[in-house]
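Notes follow the structure.
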Amino acid sequence: EDLRIVWSATDTASGVAFVEPETQVTREGRALRFAGRAVDRVDNSTVAVATANVDKTPPAVSAGPNFEVFEGGEARFTASVTDNLDPAADFRWAFGDGGGEGRVILATHVYLDDGLFTAVLTATDHAGHVSTAPARVTVKNAAPVVEAGLSRAAAEGAFLVLTATFTDAGILDTHTAAVDWGDGTKST
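Read left to right, the sequence shown gives residues -3 to 184 (the numbering used here).
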């Protein structure tokens, strides 16, 4: 929307003969200066100056490229936000998994489970213009790491105690463990 500057003047002694007509501002920019002139009935004149920042354009937003990451790993977003008048636009991240962060352009986020997510960067400038940009994040399943210890031997028919541990970067994954004893039997 265009800015409209309305000039007015009063002169109680001789009266006002002329006031600059309304000024329509159709361009945008920082510290734009406008002058309005008023003249009274005895030909005295004065000029008033108004300065305005006019912003009609929303910020330009990029959430960075689409990329892949393993679950539990750190996703690094390389975003940018620029605005023709406002270098300090407000911006917020929504990472698509319920997490979010504000005021950080080069954001990082850890996805706890595999899946396809859309991270969205939203920027708002001081004039209230809003822009958004998405980045698609493919979070791949990370295989669990099993630690069963050293090889063991036992006499046939004897008990063998086996202790194994595992870790998984995908902390929301569910697991089933199975042991193949090598003699055709398996345990879960």
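In this text, a Cβ means the ideal position worked out from N, Cα and C, and glycines have one as well.
Asked	Found
Is it true that the segment 152 to 164 meets the segment 89 to 109, where meeting means three or more beta-carbon pairs spaced less than 8 Å apart?	no
Just the C-alpha distance for F63 and G180, rounded to the nearest angstrom, thanks.	43 Å
What are the boundary residues of the beta strand (DSSP E) that T161 is part of?	T161 to T163
Pop quiz: Q20 and D51 are said to be a contact at Cβ under 8 Å. What is the actual Cβ separation, rounded to whole angstroms?	No, Q20 and D51 are not in contact; Cβ-Cβ is about 16 Å, not under 8 Å.
For a minimum of 3 consecutive residues, which ranges assigned as the beta strand (DSSP E) are wholly contained in the segment 89 to 123?	96 to 98, 104 to 106 and 111 to 120
Could you compute how far the alpha carbon of V15 sits from the alpha carbon of V35?	7 Å
Can you tell me whether A75 is buried or exposed? The criterion is at least 16 other CB atoms within 10 Å of its CB, across all chains shown.	buried
DSSP state of L81, grouped into three classes?	coil
For R72, which of R33, D79, V45 and A115 has the nearest alpha-carbon?	A115
Mapping the DSSP letters down to three states, classify P194 as helix, strand or coil.	Here the chain comprises residues numbered -3 to 184, so residue 194 is not present and cannot be evaluated.
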